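Participant: This structure is in C-alpha cells; I'll ask about it shortly.
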Amino acid sequence: MALEGTVLTTMTEEQPDVSSTLKIAIDGPAGAGKSTVAKLVAKRLGYLYLDTGAMYRAATVLALRKGLSMEEPEIIAEAVAKAKIDLVPSASSDGVPFLKVFLNDEDITSEIRGREVSLLVSPLSTIGSVRDSLVEQQRRLATNGGVVLDGRDIGTVVLPDAEVKIFLTASAAIRAKRRLKEFELQGEEVSFNSVLTEITERDHRDMTREIAPLRKATNAEEVNTDVMSIPEVVDAILLLCKKHSGSFSI
Ligand code: DC
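Each residue of the sequence shown is one higher than the one before, starting from 33 at the first, in this note's numbering.
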C-alpha cells in the first residue's frame, strides 16, 4: 500500500505564528464536523491534511469489489495490505485542502461516500490487522509533524504525542441532518430516521469495539459544534497551536 502526501501551502489568509511541525489530532463521531475543521486548520497553517476515515472507506470499497465478507477478516486484511491506496491533495479554488482518494490508481473519491460503504466501513474498521497497516501508514506520514489528522483514534492510538488534541462532538440529530444532506447531494434517497439510526449504530460500534475505540484522549479538548460555529472552533484550535508553539500573541 502506498500513500502520497504533499504539504499544502496554498493559503489565502494570513498564516498564524505557529510552529511548522505540530501534530494536530481531531477525533469524534461521524458528522461532528471533523473534516471541515481539519481542512480549514490545515489551510491556515499550510499543513498536510490526512483524512484517516477515507483510508478505512477505501479499504471497504476494496472488500466490496472483491465480494469479501466481514466474516473473512484475514482475507480482507491481506487484500488491504496488497492494495495501493493513495490520498492525493488536490488544489481547490478556495485553497481549502481537498483529498482525492485512489484505489489501485482508480479515482474512488465519490464512491467512498456512498451509503453502502458508510454502512460497512464501521464493521471493517474493527479488524485489527486492517487497522495495523493503516495506522502504520498514518504514523509514517505524520512523522515530521506539520499535519492535521482526523479520525477516531488519532489522539489515543495513532499520535498519542500530538501537541494539540481535539474531541469534536455534536448532537446525533444535527450530525444525522448533515449526513442526510451529503447523501442527497449524491442523489441517494434516504430518510432522516434511517440516517439517524445508522449514525447512532455506527457511533455505538466505533465506541465499543475492542481495538482503538472512539474515545476522548485524557488530554484532549472537547468541543461541541452545536454550541460553537466552525470558524470559532478553527480559531480555538489555532490558539492552542500558538500556545504549543511558545507564542501567546494573537
Ligand atoms: O470519518 P468517517 O465517517 O469517514 O469514518 C468512517 C469509519 O472509519 C468510521 O465509522 C470508523 C472508521 N475509522 C476508524 O475506525 N478510525 C479512524 N481513525 C478513522 C475512521
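Each residue gets a CB set at the ideal place from its N, CA and C atoms; glycine is no exception.
Just so it is clear, the structure is predicted and the values come from calculations on it, not from any experiment.
#1: If you reduce the DSSP assignment to three classes, tell me which class G219 lands in.
#2: Hey, is A62 close to the ligand DC, as in C-beta under 7 Å from one of its heavy atoms?
#3: Taking C-alpha atoms, which residue in G160, T175, S142 and N256 lies nearest to E22?
#4: Which ranges would you report for the alpha helix (DSSP H) in the region 143 to 229 if only whole runs of at least 4 residues count?
#5: Given 8 Å as the limit, is there contact between the region 92 to 105 and the region 54 to 70, that is, 3 or more CB pairs closer than that?
#6: Please go through the same chain and pick out, in chain order, the residues whose beta-carbon is closer than 7 Å to the beta-carbon of S52, but skip the five residues on each side of it.
#7: What does the Cβ neighbour count give for Q47, buried or exposed, with the cut at 16 atoms within 10 Å?
#8: Just to confirm the assignment, what range does the beta strand (DSSP E) spanning V120 have?
#9: Please report the distance separating the alpha-carbon of A244 from that of V189.
#10: Could you pull the start and end residues of the alpha helix (DSSP H) that I108 belongs to?
#11: Would you identify the three-state DSSP class for Y81, choosing helix, strand or coil?
#12: Is it a yes or a no for the region 239 to 253 touching the region 151 to 169, going by three-plus beta-carbon pairs under 8 Å?
#13: Using the C-alpha atoms, what's the distance from E220 back to V180?
#14: For L77, which of L270, K275 and H276 has the nearest alpha-carbon?
#15: Compare the C-alpha of D258 against each of R234, F224 and I206 and name the closest.
Facilitator: From the atom records:
#1: coil
#2: yes
#3: Coverage of the chain is limited to positions 33 through 282, which leaves residue 22 absent and any answer about it impossible.
#4: 147 to 156, 160 to 174 and 204 to 217
#5: The region 92 to 105 is not in contact with the region 54 to 70.
#6: So the qualifying residues of the chain are G178.
#7: exposed
#8: I117 to S122
#9: C-alpha separation (whole angstroms): 7 Å.
#10: Unbroken alpha helix (DSSP H) run through I108: P105 to K114.
#11: The answer is strand: DSSP assigns Y81 an E or B state.
#12: yes
#13: 30 Å
#14: L270
#15: I206
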